[in-house]
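The structure appears right after this line, and notes come after that.
2 protein chains.
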Amino acid sequence: MHEMVSTDERILQAALRRFAADGLAAPLRRIAADADVSAGLIIHHYGSREKLLRACDLRTLEVTRREKAAMLAGGSGELLAQLAQTEKYASVVGYVLRRLQAGGPQAGQFVDDFAADAVEYLAEGERAGTISPSRDPQGRAQVLTEMALGALLLQLPAQRDHLDLAELPGWLRARSDRIIGPLLELYSVPLLTDRTLLTAYLSAGSGAQDRRSARRTTPRPESVPSTPEAPS
Amino acid sequence: MHEMVSTDERILQAALRRFAADGLAAPLRRIAADADVSAGLIIHHYGSREKLLRACDLRTLEVTRREKAAMLAGGSGELLAQLAQTEKYASVVGYVLRRLQAGGPQAGQFVDDFAADAVEYLAEGERAGTISPSRDPQGRAQVLTEMALGALLLQLPAQRDHLDLAELPGWLRARSDRIIGPLLELYSVPLLTDRTLLTAYLSAGSGAQDRRSARRTTPRPESVPSTPEAPS
DNA sequence: CAACAGGCTATACGCGTGTTCAATCGGCGG
DNA sequence: CCGCCGATTGAACACGCGTATAGCCTGTTG
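Each protein sequence line maps, in turn, to chains A and B. Reminder that position 36 of the first sequence reads as 36 in my numbering, one-by-one numbering, no gaps. Reminder that position 30 of the second sequence reads as 30 in my numbering, one-by-one numbering, no gaps.
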């Protein structure tokens with residue numbers, strides 16, 4: 001009644017789920033078992049393992065882009081978390097995280113994709129007056145995106161290496177509740193008590209767009225412990 | 001003259017370098033070749049591959065702790081970056097990143113370790129008057145650490161999956177220069193233009209320490225796009 | 001009805017892995 | 001000098017992987 005999907009699609013969805021659950025190194029045979037087919041059939045349909053991964057990337061990119069566009073139109077933020085609320089999308093969310101974890105050029109594309117959308121979100125907030133303007137919106141969005149995604153990725157598999165897709169939405173929401181306090185504080189009251197560092201850096205001749213001049217000009221003041229970059 | 005290290009140590013250092021360069025999935029035989037020994041000898045000395053990884057974890061934890069303590073005494077911030085400046089420690093820095101990338105419980109321990117030190121750094125800055133006080137220092141340090149480490153990890157292997165340890169220090173410094181602008185701005189001028197969100201959240205009954213009451217009480221205002229958590 | 005085509009499976013090959021084992025080497029105490 | 005014992009090695013084992021191949025089973029077509 002509700003589902004008579006083609007075998008290709010069934011394989012792709014099984015791959016998406018299994019990759020998300022066990023990581024991108026999940027064996028082909030396991031995916032085959034999940035999709036109730038033989039391992040050879042996957043090769044027959046997708047050519048090779050890498051091609052299958054490519055297909056997963058494509059599908060994921062497509063879904064996230066579509067869904068992000070819908071959310072942008074709706075005007076509400078919170079991407080991955082909100083996306084994962086819909087249980088239907090848990091696998092693609094998990095796949096994104098696994099892809100980020102695996103690294104490589106593909107991960108960069110995902111990040112850039114999210115960063116590009118973050119630019120729009122922040123600009124929208126800026127127009128609405130809730131987000132302070134920046135002298136480098138692109139850079140700010142990039143940094144914010146990398147921090148948000150990175151932090152999420154970092155404490156995601158801290159529990160185990162197996163990701164339970166059924167628990168993922170609840171886990172994301174719980175995590176959101178857990179960190180929203182410090183996060184709100186961090187973004188409401190400046191971490192640094194005065195702007196001397198910022199003004200010093202800005203007057204040192206590196207405009208926002210001008211990245212080439214940002215080399216060793218800043219004398220890197222000694223008195224300040226722990227530039228927030230520093231916990232790393 | 002300057003070096004007559006035991007074979008165990010030579011193996012461990014080779015493992016550290018190779019794991020850092022190629023990831024924790026690097027084959028034992030490759031490490032053996034680097035250390036000019038046979039693969040069997042590694043097993044003979046360390047028992048198994050996992051034990052070798054355990055030894056690497058231990059060594060890394062020990063070195064970072066010692067060096068972090070020294071830096072804390074010295075009063076200067078910037079941990080991993082500064083550590084990596086000394087070419088000698090490039091391998092342990094790389095190993096930390098690889099361990100974080102691999103995830104698992106061990107990664108959590110590293111993060112917690114760094115977060116614990118971040119608490120001290122921030123407290124020191126707070127006493128010096130350069131860092132604003134927080135109502136949840138532990139939570140703030142945790143979030144800052146996860147963001148810093150996560151962002152670093154996220155765009156680290158974006159170039160390739162092979163990490164060139166010789167280029168790592170330069171790469172870290174370049175990255176630092178690249179993002180210091182938006183970062184300084186982000187931590188000097190509040191991202192959110194007013195504190196209504198924060199006060200609303202705080203008045204919703206969730207004290208800093210009291211995490212259990214932080215469930216779905218906040219009505220999650222509709223007007224604000226992109227809670228900074230949101231770029232993810 | 002016969003032949004064909006294609007989705008699909010079972011099996012096998014080649015490779016790389018961690019680990020084991022027997023054998024060899026080398027120094028050191030009895 | 002003998003004998004032992006740990007360090008060290010190369011070959012072999014067992015296993016899991018991705019992939020190639022040959023065949024089966026079913027529906028369709030001439």
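The C-beta atom is built at its ideal place from N, Cα and C for all residues, glycine as well.
- For a contact meaning CB atoms closer than 8 Å, what does residue 134 (chain B) contact in chain A? Within the second sequence, numbered from 1, the residue matching residue 134 (chain B) stands at position 134. For residue 134 (chain B), the neighbours in chain A by C-beta distance under 8 Å run, in chain order, 182, 185.
- Item | chain B contacts from the segment 37-50 of chain A (Cβ-Cβ distance under 9 Å) | From the segment 37-50 of chain A, no residue has a Cβ closer than 9 Å to chain B.
- How would you label residue 203 (chain A), buried or exposed, when you count the other beta carbons within 10 angstroms and need 16 or more for buried? Walking along the first sequence from the start, residue 203 (chain A) turns up at place 203. Classification of residue 203 (chain A): exposed, given that the 10 Å Cβ count is below 16.
- Local conformation of residue 24 (chain A) per DSSP, three classes: Position 24 of the first sequence, counted from the first residue, corresponds to residue 24 (chain A). For residue 24 (chain A), the three-state secondary structure derived from DSSP is coil.
- Query: Which chain A residues sit within Cβ distance under 8 Å of residue 193 (chain B)?
  - Reply: As a first step, residue 193 (chain B) is located in the second sequence; it is residue number 193 there, counting from the start. Within chain A, the residues near residue 193 (chain B) are 129, 130, 131, 132.
- Query: Comparing alpha-carbon positions, which option in B:40, B:113, B:39 lies nearest residue 67 (chain B)?
  - Reply: Sequence index remark: in the second sequence, residue 67 (chain B) carries index 67 (1-based). The residue with the shortest Cα to Cα distance from residue 67 (chain B) is B:113.
- Who are residue 192 (chain B)'s beta bridge partners in DSSP? Position 192 of the second sequence, counted from the first residue, corresponds to residue 192 (chain B). In the DSSP output, where bridge partners are listed per residue, residue 192 (chain B) has A:131.
- Along chain B, which residues have their Cβ under 8 Å away from the Cβ of residue 67 (chain A)? In the first sequence, the residue the question calls residue 67 (chain A) occupies position 67. Ordered by position in chain B, no residue passes the 8 Å Cβ test against residue 67 (chain A), which lies about 14 Å from the chain.
- Select from the segment 136-148 of chain A all residues with a C-beta closer than 8 Å to any C-beta belonging to chain B, and list them in chain order. Residues passing the 8 Å Cβ filter: 136, 139, 140, 141, 142, 143, 144, 145, 146, 147, 148.
- Item | Complete runs of the alpha helix (DSSP H) confined to the segment 5-50 of chain B [at least 4 residues] | If we require 4 residues or more, the alpha helix (DSSP H) runs fully inside the segment 5-50 of chain B come out as 7-22, 28-34, 39-46.
- Message: Quick check on residue 139 (chain B): does DSSP put it in helix, strand or coil?
- Response: The residue given as residue 139 (chain B) occupies position 139 in the second sequence. In the structure shown, the three-state DSSP call for residue 139 (chain B) is helix.
- Item | Cβ neighbours of residue 175 (chain B) in the same chain (closer than 8 Å, five flanking residues each side left out) | On the second sequence, residue 175 (chain B) is found 175 positions in, with the first residue counted as 1. Sequence-distant Cβ neighbours of residue 175 (chain B) in its own chain, meaning closer than 8 Å and more than five residues away, are 152, 155.
- Under a three-way DSSP split, which group does residue 175 (chain B) fall into? Start at 1 with the first residue of the second sequence, and residue 175 (chain B) comes out as number 175. When DSSP states are grouped into helix, strand and coil, residue 175 (chain B) belongs to the helix group.
- When you compare only the Cα positions, how much space is there between residue 134 (chain B) and residue 5 (chain B)? For this step, residue 134 (chain B) is matched to residue 134 along the second sequence. For this step, residue 5 (chain B) is matched to residue 5 along the second sequence. In this structure, the alpha-carbon of residue 134 (chain B) lies about 48 Å from that of residue 5 (chain B).
- Query: CB residue 64 (chain B) to CB residue 92 (chain B), shorter than 8 Å?
  - Reply: Reading the second sequence from its first residue, position 64 is the one you call residue 64 (chain B). Reading the second sequence from its first residue, position 92 is the one you call residue 92 (chain B). Against a cut-off of 8 Å, the Cβ pair of residue 92 (chain B) and residue 64 (chain B) comes out as a contact.
- Message: Any contact between the segment 99-109 of chain B and the segment 117-126 of chain B? By contact I mean 3 or more CB pairs, one from each, below 8 Å.
- Response: No: the two stretches stay apart, fewer than three of their Cβ pairs being nearer than 8 Å.
- Query: Is DSSP giving residue 165 (chain B) helix, strand or coil here?
  - Reply: Counted from its first residue, the second sequence places residue 165 (chain B) at position 165. It is coil, neither helix nor strand.
- Query: Along the segment 88-104 of chain A, what residues have a CB closer than 7 Å to any CB found in chain B?
  - Reply: So the close ones are 100, 101, 103, 104.
- Closest residue to residue 88 (chain A) among A:55, A:37, A:115, A:13 (Cα-Cα distance): Position 88 of the first sequence, counting from 1, holds the residue named residue 88 (chain A). Closest option to residue 88 (chain A), Cα to Cα, is A:13.
- What span of residues does the alpha helix (DSSP H) with residue 94 (chain A) cover, start to end? To locate residue 94 (chain A), count along the first sequence from 1; it is residue 94. Going by DSSP, residue 94 (chain A) is part of the alpha helix (DSSP H) stretching over 90-102.
- Query: For residue 161 (chain A), which residues in chain B fall below 8 Å Cβ to Cβ?
  - Reply: Walking along the first sequence from the start, residue 161 (chain A) turns up at place 161. Residues of chain B whose Cβ lies closer than 8 Å to the Cβ of residue 161 (chain A) are, in chain order, 103, 104.
- Between residue 106 (chain B) and the rest of its own chain, which residues show a CB-CB distance below 7 Å, the 5 nearest in sequence each way excluded? Taking the first residue of the second sequence as position 1, residue 106 (chain B) is located at position 106. Within the same chain, Cβ atoms closer than 7 Å to the Cβ of residue 106 (chain B) are found at 57, 99, the five residues on either side in sequence being excluded.
- Could you tell me the distance, in whole angstroms, from the CA atom of residue 144 (chain A) to the CA atom of residue 162 (chain B)? Taking the first residue of the first sequence as position 1, residue 144 (chain A) is located at position 144. Taking the first residue of the second sequence as position 1, residue 162 (chain B) is located at position 162. Going from the Cα of residue 144 (chain A) to the Cα of residue 162 (chain B) covers about 26 Å.
- Task: Output yes if chain B places a C-beta closer than 8 Å to the C-beta of residue 170 (chain A); else output no.
- Result: Locating residue 170 (chain A) in the first sequence gives position 170, counting from the first residue. No, its Cβ sits nowhere closer than 8 Å to a Cβ of chain B.
- Task: Using 10 angstroms around the beta-carbon of residue 27 (chain A), count the other beta-carbons present and answer buried if the total reaches 16, otherwise exposed.
- Result: Along the first sequence, read from residue 1 onward, the residue named residue 27 (chain A) stands at position 27. Around the beta-carbon of residue 27 (chain A), fewer than 16 other beta-carbon atoms lie within 10 Å, marking it exposed.
- Message: For residue 187 (chain B), tell me which candidate among A:192, A:149, A:196 has the shortest Cα-Cα distance.
- Response: For this step, residue 187 (chain B) is matched to residue 187 along the second sequence. Cα-wise, what sits closest to residue 187 (chain B) is A:192.
- Task: Verify the CB distance criterion: does residue 31 (chain B) have a CB-CB separation below 8 Å to chain A?
- Result: Within the second sequence, residue 31 (chain B) is the residue found at index 31, counting from 1. So no, residue 31 (chain B) is outside the interface.
- So which residues of chain B does residue 28 (chain A) contact, with C-beta pairs closer than 9 Å? Locating residue 28 (chain A) in the first sequence gives position 28, where the first residue counts as 1. The contacting residues do not exist; residue 28 (chain A) stays about 17 Å from chain B at best.
- Helix, strand or coil: how does DSSP classify residue 156 (chain B) here? Against the second sequence, residue 156 (chain B) aligns to sequence position 156. Coil.
- Contact set between residue 189 (chain B) and chain A, taken where Cβ atoms lie within less than 8 Å: As a working mapping, residue 189 (chain B) is identified with position 189 in the second sequence. Those are 132, 190, 195, 198, listed as they occur along chain A.
- Item | residue 60 (chain B), buried or exposed, once every other Cβ within 10 Å from all chains shown has been counted against 16 | The residue you call residue 60 (chain B) lines up with position 60 of the second sequence. The C-beta of residue 60 (chain B) has 16 or more other C-beta atoms within 10 Å across all chains shown, which makes the residue buried.
- Query: When burial is assigned at 16 or more other CB atoms within 10 Å of the CB, is residue 17 (chain B) buried or exposed?
  - Reply: In the second sequence, counting from the first residue as 1, residue 17 (chain B) sits at position 17. So residue 17 (chain B) counts as buried.
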